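Inspection log for the structure reproduced underneath, given as structure tokens.
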Amino acid sequence: MGDIALIGRSIGVVANNERPLYHRIREDIIDGQLDAGTRLVVAELARRYDSSSNPVREALHQLQGEGFVVISQNRGARVRSVGEHFARDIYDIRALIEPYMIRWFTANATKAQIAEMEAIQDEIEQLDGDHEAYRTLNERFHSVSYAGHFNREAIDMEERYREILFMLNKRYPLTRSRWAECLEEHRGILAAVRSRDADAAAAFTERHVHGACRHLIDHIRAGRGREKSAK
0 MGDIALIGRS IGVVANNERP LYHRIREDII DGQLDAGTRL VVAELARRYD
50 SSSNPVREAL HQLQGEGFVV ISQNRGARVR SVGEHFARDI YDIRALIEPY
100 MIRWFTANAT KAQIAEMEAI QDEIEQLDGD HEAYRTLNER FHSVSYAGHF
150 NREAIDMEER YREILFMLNK RYPLTRSRWA ECLEEHRGIL AAVRSRDADA
200 AAAFTERHVH GACRHLIDHI RAGRGREKSA K
């Protein structure tokens with residue numbers, strides 16, 4: 000699931016000003032509307048997002064917890080650089096969480112859950128370059144194996160990081176080679192779950208996460224190279 004991961008909760012079409020304030024600020028940080036190092040002044044943000052001061056302060060503290068904002072006593076709040084190192088840090092954490100979660104699922108999966116994953120994978124196999132459809136199906140595929148885990152803290156962390164990675168990945172389409180890898184990794188996870196082989200399921204899951212990490216970082220580096228060439 001590591002790759003092109005999707006928002007853990009269902010995504011609806013919601014008016015921009017009805018969405019949580021921290022979501023809106025975070026999107027502007029990831030999209031480059033608020034550049035790295037930008038000083039985040041509460042009064043200015045309140046005007047920008049048509050909000051009052053307290054929700055802005057709460058949003059900044061939440062974004063600090065997610066790593067998007069740095070708050071210091073002397074310099075106030077500033078936008079953190081959201082780039083290669085930021086992405087790698089998140090994927091490294093996911094590479095620890097997801098194998099742990101899939102091990103438990105492999106031992107406890109019901110026939111109905113396995114059948115659901117197989118049906119979703121069948122839909123994925125039929126896709127022809129539709130990356131948005133893949134994102135939705137990929138979300139469903141992995142949610143089957145993680146949503147029922149007993150460790151609520153692990154689920155919350157997995158969902159939070161998956162949502163961040165969705166935002167980072169949304170501008171980058173899957174390459175042909177990464178698409179082939181995703182299919183192979185999904186098949187490997189499914190086969191391991193069917194045979195109750197927790198070690199194999201964990202290994203394929205970790206490979207899936209690291210492959211997604213490489214894909215995103217390659218895109219980030221390529222974008223950085225294009226920016227340098229344009230100067």
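Following numbering that gives the first Met the number 0, the numbering of the sequence shown begins with 0 at its first residue and continues without gaps.
For every residue, glycine included, the Cβ atom is placed at its ideal position computed from N, Cα and C.
Since this is a predicted model, take the numbers as computed values, not measurements.
Which runs of the alpha helix (DSSP H), 4 residues or longer, sit entirely within the segment 77-155?
Annotation: the segment 77-155 contains the following complete segments of the alpha helix (DSSP H) (minimum length 4 residues), in chain order: 83-107, 110-124, 130-145.
Cα-Cα separation, C212 to R206
Going from the Cα of C212 to the Cα of R206 covers about 10 Å.
What's the C-alpha gap between Q112 and R46?
Their Cα atoms are separated by approximately 48 Å.
Under 8 Å between the Cβ atoms of A86 and L215?
Going by C-beta atoms, A86 is nearer than 8 Å to L215.
For the alpha helix (DSSP H) that V69 lies in, which residues bound it at each end?
Per DSSP, V69 belongs to no alpha helix (DSSP H); it is in the beta strand (DSSP E), 68-71.
Pull the bridge partners of L39 from the DSSP assignment, please.
Note: L39 sits in a beta bridge opposite A76.
Can you look up T174 in the DSSP assignment and give me helix, strand or coil?
Three-state result, T174: coil.
By DSSP, does D196 sit in helix, in strand, or in coil?
The answer is coil: DSSP assigns D196 none of H, G, I, E or B.
For R18, the first and last residue of its enclosing alpha helix (DSSP H):
No alpha helix (DSSP H) contains R18, which DSSP labels as neither H nor E.
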